[in-house]
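K.L.:
Throughout the sequence shown, residue numbering follows numbering that gives the first Met the number 0, covering 0 to 407 in sequence.
Ideal placement from N, C-alpha and C gives every residue a C-beta, glycine not left out.
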Amino acid sequence: MTSAPVRSAWQDVPPLRVRQFAERAMAEVPVLAQDILAGIRREYPALPLVLDDSGEPMALIGIRRALEHFVENLATGLEAPHVPPQVFQEFGRGEVLHGRSLDSLQAIYRLGIRLAWRRFAEIGTQMEIPPPAMYELAESGFQYLDGLVAESVRGYAEAAARQAGERLRLQRRLLDLLLSDHPPRGGADRADLLADRAARIGWRVPQTVAVAVLVRPARSAVPPAVGDEVLLDMECEQPRMVVPEPESPGRPELLRRATAGWSGAVGPPVPLAEAAKSLRWAQSAVGLMERGLLPGGELLHCTEHTEALVLLPPEELIAGLTRRRLAPLESCGPAHSRRLAETLLAWLETRGGAPEVAGRLGVHPQTVRYRLRQIRELWGDEIDDPDSRFELELVLRTMRLRGELGPP
């Protein structure tokens, strides 16, 4: 058995009295709007007063229209009173333009509704409208307030999105200039152009920067939670970041937390004008990560992997040097060649005797002596030449970085 719908107390008010209430309230709207604006100005004296083309305050127009729409709706009932969107969306946009949140605007709306309700309650008492009906009127007023706020939020969101889009466009222009190796077109001064583009987005020009290249954990991954001081470009296949003053206290830890769940590489700190160099090192490091030659799954710093970044990228040069310097091992089998190469590298790195090299390799000193005799037979006097020893150590370290030799 379905229950009968609850009858509205406002609907029980005689239609003639409702019309009279609405007419009385409408007649007072102009004065009431002025009183509400005056109350808002007293409560929020710093609130800017924006005028329309005729010189009338936009806030006064909005208050008056909101009151008129609400009162016009009274004769047809209290369900879902119509909200005038344009003015209140504009108020939301204005908060974005003035760099404020919606908190103060919502507080102003609540104050306006409270002052309006106070006057409507006085009219209702004078016209002997029953309290239950006035309670419903109050509820309808607060529903109306929700609608006004919703329109302002819509305007705020649209303006914020446009502003964010414009900032991203300007930020991308700044990044293009920062990370370019080429001089600006038209002979413009690079430093002046950088300062101008930085000023357009409120970016404080640093002395030094480090450029990071990121690897997306997933296509839909949430961007790193960096602040506005870090320039972040998510439009690239591999997003890029320009980190100002990367060696300042606390910066590395903040960066680590902000990029949790991401991997990539941070290039070395460089003067601002040389940001492209930091970018190249970061790109090189990410390339090595993708080949499994540097650890992935985190944001690594190039300055902590200098050996790998110096030795691994010039593959063709290192490959040719390796063939020349390790040619004596061609007469040995693969396993024996590897053992001799590891022994030679340990000797070159330690410059020690058999016991020290043996300790490094985990073998018996006599085994090391045997291998060192073989090495001297294979390379002859070349093993005593400083340049030859340097090149041998270079190619053997490269092989170790590639996993072709055992760890030290």
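What does DSSP give as the partner residues of residue 148 in its beta bridges?
P.N.:
DSSP, once it has assigned bridges, lists no residue as partnering residue 148.
K.L.:
Please report how far the alpha carbon of residue 381 lies from the alpha carbon of residue 234, in whole angstroms.
P.N.:
When rounded, the distance between both Cα atoms is 53 angstroms.
K.L.:
Just the C-alpha distance for residue 363 and residue 303, rounded to the nearest angstrom, thanks.
P.N.:
Their Cα atoms are separated by approximately 33 angstroms.
K.L.:
Unbroken alpha helix (DSSP H) runs of length 4 or more, entirely within the segment 235-276: which are they?
P.N.:
Correct list: 250-257.
K.L.:
What are the uninterrupted segments assigned as beta strand (DSSP E) that are 3 or more residues long and contained completely in the segment 168-240, given in chain order?
P.N.:
If we require 3 residues or more, the beta strand (DSSP E) runs fully inside the segment 168-240 come out as 207-214 and 230-232.
K.L.:
Let me make sure I understand the geometry here. Which of 386, 173, 27 and 338 has the alpha-carbon closest to that of residue 116?
P.N.:
Of the listed residues, the one whose Cα sits closest to residue 116 is 27.
K.L.:
Should residue 69 go down as buried or exposed, given a rule of 16 or more other Cβ atoms within 10 Å for buried?
P.N.:
When all chains shown are included, residue 69 counts as buried.
K.L.:
Taking one C-beta from the segment 285-293 and one from the segment 313-322 each time, how about it: are there three or more such pairs within less than 8 angstroms?
P.N.:
Because the criterion of three Cβ pairs below 8 angstroms is not met, the segment 285-293 and the segment 313-322 do not touch.
K.L.:
Given that a residue counts as buried once 16 or more other Cβ atoms are within 10 Å of its Cβ, and exposed if not, what is residue 197?
P.N.:
Counting Cβ neighbours within 10 Å, residue 197 comes out buried, since at least 16 surround it.
K.L.:
Measuring CB atoms only, is the segment 320-336 touching the segment 352-366, in the sense that at least three cross pairs come out at less than 8 angstroms?
P.N.:
The segment 320-336 is not in contact with the segment 352-366.
K.L.:
Would you give the residue range spanned by the beta strand (DSSP E) that residue 300 belongs to?
P.N.:
First-last of the beta strand (DSSP E) with residue 300: 298-300.
K.L.:
Between residue 16 and the rest of its own chain, which residues show a CB-CB distance below 7 angstroms, the 5 nearest in sequence each way excluded?
P.N.:
These residues qualify, in order along the chain: 126 and 128.
K.L.:
Looking at the secondary structure, which residues open and close the alpha helix (DSSP H) in which residue 381 lies?
P.N.:
Note, residue 381: premise wrong, no alpha helix (DSSP H); not H, not E.
K.L.:
For residue 8, which residues from the same chain have a beta carbon less than 8 angstroms from its beta carbon, with the 5 sequence-adjacent residues on both sides left out?
P.N.:
Excluding sequence neighbours, residue 8 sits near 129, 131, 132, 134 and 135.
K.L.:
Apply the 10 Å Cβ neighbour rule to residue 309 and answer buried if 16 or more other Cβ atoms are within range, or exposed otherwise.
P.N.:
Counting Cβ neighbours within 10 Å, residue 309 comes out exposed, since fewer than 16 surround it.
K.L.:
Hey, how far is the Cα of residue 176 from the Cα of residue 227?
P.N.:
So the two alpha carbons sit approximately 18 angstroms from each other.
K.L.:
How would you call residue 247, buried or exposed, if buried means at least 16 neighbouring beta carbons within 10 angstroms?
P.N.:
With fewer than 16 other Cβ atoms within 10 Å, it is exposed.
K.L.:
Exposed or buried, what is residue 268 when buried is set at 16 or more other beta-carbons lying within 10 Å of its beta-carbon?
P.N.:
Residue 268 should be labelled buried.
K.L.:
For a quick check, are the C-beta atoms of residue 242 and residue 281 less than 7 angstroms apart?
P.N.:
Taking 7 angstroms as the Cβ cut-off, residue 242 and residue 281 do not qualify as a contacting pair.
K.L.:
Excluding five sequence neighbours on each side, which residues of the same chain lie with their C-beta closer than 6 angstroms to the C-beta of residue 353?
P.N.:
The residues are 364, 367 and 368.
K.L.:
What does a CB cutoff of less than 6 angstroms around residue 112 pick up in its chain, not counting 5 residues either side in sequence?
P.N.:
So the list reads 140 and 144, once near-sequence residues are dropped.
K.L.:
With residue 22 as the anchor, note down where its alpha helix (DSSP H) starts and where it stops.
P.N.:
Run containing residue 22: 14-42, per the alpha helix (DSSP H) assignment.
K.L.:
When you compare only the Cα positions, how much space is there between residue 373 and residue 397?
P.N.:
Those two C-alpha atoms are separated by around 22 angstroms.
K.L.:
Does residue 404 come out as helix, strand or coil in the three-state DSSP assignment?
P.N.:
Residue 404 falls in the coil class under three-state DSSP.
K.L.:
Between which residues of its own chain and residue 220 is the CB-CB distance below 8 angstroms, once the five residues before and five after are set aside?
P.N.:
260 and 261.
K.L.:
Considering only the beta carbon of each residue, do residue 155 and residue 91 sit closer than 7 angstroms?
P.N.:
Yes, these two residues count as a Cβ contact at 7 angstroms.
K.L.:
What are the boundary residues of the alpha helix (DSSP H) that residue 53 is part of?
P.N.:
Run containing residue 53: none; DSSP gives neither H nor E here.
K.L.:
For residue 229 versus residue 320, is the C-beta distance shorter than 7 angstroms?
P.N.:
Cβ distance not < 7 angstroms, so residue 229 and residue 320 don't count as in contact.
K.L.:
Suppose you measure from the CA of residue 48 to the CA of residue 29; what does that come to, to the nearest Å?
P.N.:
Rounded to the nearest angstrom, the two C-alpha atoms are 18 angstroms apart.
K.L.:
Express the C-alpha separation of residue 114 and residue 121 in angstroms, rounding to a whole number.
P.N.:
In a straight line, the C-alpha of residue 121 is about 11 angstroms away from that of residue 114.
K.L.:
Let's see if you can read the secondary structure: which residues bound the alpha helix (DSSP H) around residue 105?
P.N.:
Segment 102-125, the alpha helix (DSSP H) holding residue 105.
K.L.:
According to DSSP, is residue 386 helix, strand or coil?
P.N.:
Reduced to three states, the DSSP call for residue 386 is helix.
K.L.:
Please look up how many angstroms separate the CB atoms of residue 400 and residue 311, rounded, as I've assumed it's under 8 angstroms.
P.N.:
Indeed they touch by this definition, with Cβ atoms about 6 angstroms apart.
K.L.:
Measuring CB to CB, does residue 39 end up less than 7 angstroms from residue 110?
P.N.:
Closer than 7 angstroms, so yes.
K.L.:
CB-CB under 8 angstroms to residue 392, same chain, minus the five flanking residues each way: which ones, in chain order?
P.N.:
For residue 392, where only same-chain residues beyond five positions count, the Cβ hits under 8 angstroms are 344, 347 and 348.
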